[in-house]
Amino acid sequence: MDSDSPTKSPAKLTVYVMYAVCAFVWGTGWYAIRLCVSDGGYPVFGGAALRYTVAALALGLMVPLFPKAFGGLKRNQVLWLLLAGTFNAAAIALLYWGEKSISGGLASVLTATSPIMVAVIAFFTKTERITSGTIAGFCLALAGIAIIFGERLVISPNHVVSMVSILGAALFFALTNFTVKVKAKDVKPMQSSVFFFVSMSLIFWLASPCDGPAMPWPPPAAPTYALLYLGIAGSAVAFPAFFYVLRHSSLTFASTLAFVHPVIALLTDSMFEHEFMLTMSAYSGMSVVLVGVILSMVSNKSIGFERKRAVVAARIDS
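So the sequence shown is numbered by the numbering used here: it starts at 24 and just counts up by one.
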């Protein structure tokens, strides 16, 4: 398997389809998260607990349809999956909290820095080599974030803490992806998802007493529809799809989702978001962030081509 591109046919087409599913569902999911936890909606921990409980139940109903999707697990794989689930729970908590104050489009762009964080983590753990292009992309993304922070300090200073929260979520998403790809890469996608949903729902139910507001009753219509969308499409469907992409392609390729779904998120915001408006300065900063992320990803891609050429050259020489 080519380590820096999707696997060859017939898995190649499936990888692209799963990638497209993740891009659309998660791209529209940013607005759904904001709708779910907005005023009159669900509390952060309680809403997340319900989301992943719904996801676990929905995926559980699919188990009889995919009997070969589950297999034996080694003890160390279980531990790594639980750790990855904990990282992801931390990311979701920070994300939900941050989106109480800022738009889904802005949150999606800030989390687009996650692939750069993955590259840095991979470099320090000697999993992958970092390039000058990756460093340049990282600096460019930081410059874009600085522009956005400066704009928010002028327009609404209280949004800065929420933005820091979203960047923290991006770091935990990076740790999640790295852990699954490097430490649990042989685990089947649906199996990984089950561990994620069960562990995350338990974590959030245990944390739910820390929420300030109580669960709304009767359930509010729009936040509940958003919660169901997040639980079924955003988790039960998209997580197995993403783990499939992660298992059958490179970490770099899978991470490029981080700059695809922000485009969809921004388009969704332009149609539905009316409470949180961005200035041209903010859009400029977001553009700089995305360019930095793309530069970083393209640089990592070139490593794969160099590796491939080296392997071919070695075979010719031998």
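Ideal Cβ placement from N, Cα and C applies to all residues, glycine included.
All values reported here derive from a predicted model rather than from experimental measurement.
Beta-carbon proximity check, residue i vs residue j, cutoff 8 Å
i           : j           : result
residue 259 : residue 81  : yes
residue 172 : residue 183 : yes
residue 134 : residue 226 : no
residue 53  : residue 291 : yes
residue 164 : residue 136 : yes
residue 38  : residue 104 : no
residue 309 : residue 132 : yes
residue 312 : residue 167 : yes
residue 124 : residue 216 : no
Extent of the continuous alpha helix (DSSP H) to which residue i belongs
i           : result
residue 99  : 98 to 121
residue 148 : From DSSP, residue 148 is part of no alpha helix (DSSP H); its letter is neither H nor E.
residue 78  : 67 to 85
residue 229 : 212 to 230
residue 133 : 127 to 134
residue 268 : 261 to 271
residue 246 : 244 to 254
Buried versus exposed, by CB contacts within 10 Å (16 or more), residue i
i           : result
residue 192 : buried
residue 233 : exposed
residue 111 : buried
residue 21  : An answer regarding residue 21 cannot be provided, because it is not within the stretch 24 to 341 covered by the chain.
residue 240 : exposed
residue 88  : exposed
residue 160 : buried
residue 236 : exposed
residue 73  : buried
residue 222 : buried
residue 57  : buried
residue 84  : exposed
residue 213 : buried
residue 328 : Bear in mind that a pLDDT of 37 at residue 328, under 50, signals an unreliable position, so the number given afterwards is only what the model happens to contain. So residue 328 counts as exposed.
residue 43  : exposed
residue 40  : exposed
residue 224 : buried
residue 102 : exposed
Alpha helix (DSSP H) segments (min. 4 residues) lying fully within the stretch 279 to 312: Fully enclosed alpha helix (DSSP H) runs of 4 or longer: 284 to 295.
At least 3 beta-carbon pairs within less than 8 Å: the stretch 203 to 215 vs the stretch 48 to 67: Of all C-beta pairs linking the stretch 203 to 215 to the stretch 48 to 67, fewer than three are shorter than 8 Å, placing the two stretches out of contact.
Completely contained alpha helix (DSSP H) runs for the stretch 180 to 206, where each covers 4 or more residues: 182 to 206
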